[in-house]
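In what follows, a single structure is set out as structure tokens and then discussed.
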Amino acid sequence: MTCPGNNQQSPQPSSGGGDIAQRVLDLTNAERSRAGAPPLSLHPQLMAAAQHHTNLMVQHNQLTHQLPGQPDFSERISQAGYARGYAAENIAQGQTSPEQVMSSWMNSPGHRENLLNPKFQHLGVGFANNFWTQKFASPA
Numbered sequence: 051m052t053c054p055g056n057n058q059q060s061p062q063p064s065s066g067g068g069d070i071a072q073r074v075l076d077l078t079n080a081e082r083s084r085a086g087a088p089p090l091s092l093h094p095q096l097m098a099a100a101q102h103h104t105n106l107m108v109q110h111n112q113l114t115h116q117l118p119g120q121p122d123f124s125e126r127i128s129q130a131g132y133a134r135g136y137a138a139e140n141i142a143q144g145q146t147s148p149e150q151v152m153s154s155w156m157n158s159p160g161h162r163e164n165l166l167n168p169k170f171q172h173l174g175v176g177f178a179n180n181f182w183t184q185k186f187a188s189p190a
């Protein structure tokens with residue numbers, strides 16, 4: 051699901067990228083806890099898939115789940131080495147903090163549904179400039 055925000059640019063994270071992913075995870079799990087859904091954990095293969103897709107969106111300056119010539123989100127998860135059984139993806143553009151992007155996603159019914167889905171166990175987060183990706187999955 052896509053979620054446009056404001057068009058402010060923010061710098062691409064360097065050493066702080068892990069802190070951003072952890073904050074998105076913490077905010078996601080707080081929302082999941084309020085909804086009675088089990089917590090997610092960050093997964094390195096989903097992190098790689100999320101960051102790769104985010105970098106491609108930045109490169110093409112396009113908010114999309116499907117860039118021309120690229121595999122769909124589910125295949126990208128598999129290509130990263132995650133043996134997925136069930137998966138979803140949230141993307142956004144324009145938000146400059148984990149709090150802003152989470153607010154946008156939680157105020158969008160489709161994004162909220164992905165965030166609160168109790169079937170998911172793992173999360174990957176990608177962030178670069180003003181683009182965001184969340185990859186949700188459970189193993190096969």
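Numbering (our numbering), first residue to last: 51 to 190. For each residue, glycine too, the CB sits at the ideal point set by N, CA and C. Since the structure is predicted, the reported quantities are computational estimates derived from the model, not experimental observations.
Residue burial is scored here from C-beta neighbours: GLU139 has at least 16 other C-beta atoms within 10 angstroms and is therefore classed as buried. With respect to GLY174, GLN72 sits apart: the two C-beta atoms are not nearer than 9 Å. Non-local C-beta neighbours of LEU92 in its own chain, meaning closer than 8 Å and more than five positions away in sequence, comprise ALA71, GLN72, LEU75, HIS172, LEU173, GLY174 and VAL175, ordered along the chain.
Around the C-beta of HIS161, 16 or more other C-beta atoms lie within 10 Å, and the residue is accordingly described as buried. The distance from the Cβ of ALA87 to that of PRO168 is about 4 Å, consistent with a contact at the 8 Å cut-off. Here the C-alpha atom of GLN150 lies approximately 30 Å from the C-alpha atom of GLY131. If you look at THR104, you'll find it in the alpha helix (DSSP H) that goes 94-110.
For the options GLN120, ARG134 and GLN184, the alpha carbon positioned closest to that of ALA190 is the one of ARG134.
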